[in-house]
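Engineer: I have a structure here, written as structure tokens, and I will follow up with some questions on it.
In my numbering, the protein residues as written are 23 to 124.
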């Protein structure tokens, strides 16, 4: 009689509860908190830099351009970003599943 082979290597370990979000989110709470902290720090740095801009008697040219371009960029993003994200997510899912991209 032949003895069954013992599995090689350590047994699989279940992910920690923090690694598997229970609320349906794609991010673990610790990852979401780290991302939020990084974005907050970036926002503070940008705000501090904008406050340090020296202008003489009115807004700088950068301020004027920013004000004019902001609605254009917003409209473009509103029109194109959802479709771009959908295409990229679909392509990534197909890549992971091993299907040819459509």
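We treat Cβ as the ideally placed atom computed from N, Cα and C, and that holds for glycine. Quick caveat: nothing in here was measured; it's all calculated off a predicted structure.
Taking DSSP as the reference, what is the three-state secondary structure of residue 48?
Structural biologist: To locate residue 48, count along the chain shown from 1; it is residue 26. Residue 48 falls in the coil class under three-state DSSP.
Engineer: Could you name the residues of the same chain whose beta carbon sits closer than 7 Å to that of residue 114, not counting the 5 residues immediately before and after it, in chain order?
Structural biologist: Working through the chain shown from its first residue, we reach residue 114 at position 92. Non-local beta-carbon contacts of residue 114 in its own chain, meaning distances under 7 Å to residues more than five positions away in sequence, are absent.
Engineer: Under 7 Å: does the beta carbon of residue 65 sit that close to some heavy atom of the ligand MN?
Structural biologist: This structure lacks the ligand MN; in fact it carries no ligand of any kind.
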